[in-house]
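Notes for the one structure printed next.
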Ligand code: MG
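Residue numbers (this note's numbering): 13 to 398.
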């Protein structure tokens with residue numbers, strides 16, 4: 013039995029991970045679960061999987077769950093509970109599906125533990141890739157991406173010499189506004205932006221797919237995971253989300269990884285890495301694979317896409333600033349305060365004002381705070397709350 017720790021267990025990645033655990037003969041066992049505040053959902057997962065230890069970062073939610081907890085499951089609570097859980101749980105693979113900056117410290121704790129980090133919290137790399145990748149090596153851990161594109165790239169690169177990569181073709185569905193006019197994008201409602209054509213994901217990533225900010229995070233993720241500069245990363249819009257990404261080699265050969273859009277594929281691959289274990293997932297399908305289209309991205313309608321490349325050039329805290337400002341701006345969009353295109357404007361403003369060198373984690377914490385403050389002030393100017 014492989015022992016799994018699932019961080020963000022009540023979210024999209026977490027619940028799809030538990031679907032795989034539930035499969036008869038999965039060979040997987042839950043060593044620990046963590047959520048932020050969804051105590052009722054976590055309580056149901058505890059009933060079903062009986063992990064020895066769980067965590068809730070929201071103390072009020074923890075107080076609610078405590079009364080319903082079976083004997084034999086210990087509960088950790090508070091802002092440090094994720095790191096405590098990583099330190100106390102006995103696991104081989106951590107599926108890290110926490111969303112946003114909140115997942116950063118847990119990534120470093122998993123790196124230090126020497127276990128496999130199946131990373132869906134792409135923000136950890138975007139914010140601190142320059143520090144996290146060496147920390148993984150120092151801890152003897154391994155890092156396997158749980159992002160469909162990056163899982164695809166890692167699979168295409170298996171057994172290949174990284175020096176023979178000409179470029180990565182990072183695919184993007186184009187989101188719900190791929191064919192919309194600039195005017196329609198400017199007037200997009202929250203509901204329209206949340207209606208992703210292919211993938212079922214949490215709200216922050218779904219809004220990021222509408223602005224292509226998610227693809228910008230993924231460009232940075234490619235940069236840190238595979239050590240490539242922006243000149244070797246090309247985004248290809250592929251509306252069917254069947255080709256999850258491609259690698260073009262120096263001899264002109266292009267290798268693609270394909271499958272129906274289902275996050276359980278990359279989760280399963282990461283959990284069992286470096287082995288291929290059988291899974292009850294669909295493969296090739298004549299009906300849905302009939303047509304595969306590719307388009308160049310439009311930076312005029314989707315200016316967020318250019319910001320990731322700018323962050324690679326700048327290095328330091330740029331990725332951290334971009335992520336922090338985006339988190340703040342997406343919340344404001346979801347609250348109906350600002351139009352969709354304002355998200356990229358707020359993020360760009362924060363990058364100009366706050367990005368700088370960041371040799372240590374403390375510098376990134378300071379940059380994160382500065383960027384959030386800057387974004388809040390910009391939002392206040394756009395849409396005063398008082
Ligand atoms: Mg992705």
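Even glycine gets a Cβ: it sits at the ideal position worked out from N, Cα and C.
| query | result |
| --- | --- |
| 8 Å CB neighbourhood of residue 135 in its chain, flanking five on each side removed | 111, 112, 113, 115, 116, 229 and 335 |
| Test item: CB-CB of residue 329 and residue 379 under 7 Å | yes |
| Bridge-paired residues (DSSP) for residue 183 | 248 |
| Shell residues, 6 Å Cβ cut-off relative to heavy atoms of the ligand MG | 159, 160, 161 and 230 |
| contact_flag[the stretch 368-378, the stretch 318-329] where n(CB pairs < 8 Å) is 3 or more | yes |
| CB-CB length for residue 240 against residue 317, believed under 8 Å | Not quite, the Cβ-Cβ distance comes to about 17 Å (not below 8 Å), so this is no contact. |
| Per-residue DSSP class, three states only, for residue 23 | coil |
| Member of 283, 357, 390 and 376 whose CA lies at the smallest distance from the CA of residue 163 | 283 |
| Burial state of residue 159 (16 or more Cβ within 10 Å) | buried |
| 6 Å CB neighbourhood of residue 45 in its chain, flanking five on each side removed | 18, 21, 57, 63 and 66 |
| Rounded straight-line distance, which links the Cα of residue 315 to that of residue 298 | 35 Å |
| Inter-residue Cα distance where the pair is residue 220 and residue 291 | 29 Å |
| Per DSSP, cross-strand counterpart(s) of residue 88 | 67 |
| Inter-stretch contact at 8 Å, needing at least 3 Cβ pairs: the stretch 259-277 / the stretch 345-359 | no |
| Proximal residues to residue 275 (C-beta, below 6 Å), its chain only, five neighbours per side dropped | 28 |
| Given 8 Å, three or more beta-carbon pairs between the stretch 176-183 and the stretch 241-248 | yes |
| C-beta atoms of residue 156 and residue 124 nearer than 7 Å | no |
| Close beta carbons around residue 32, own chain, < 8 Å, minus the five adjacent residues each side | 38, 40, 276, 279, 280, 283 and 291 |
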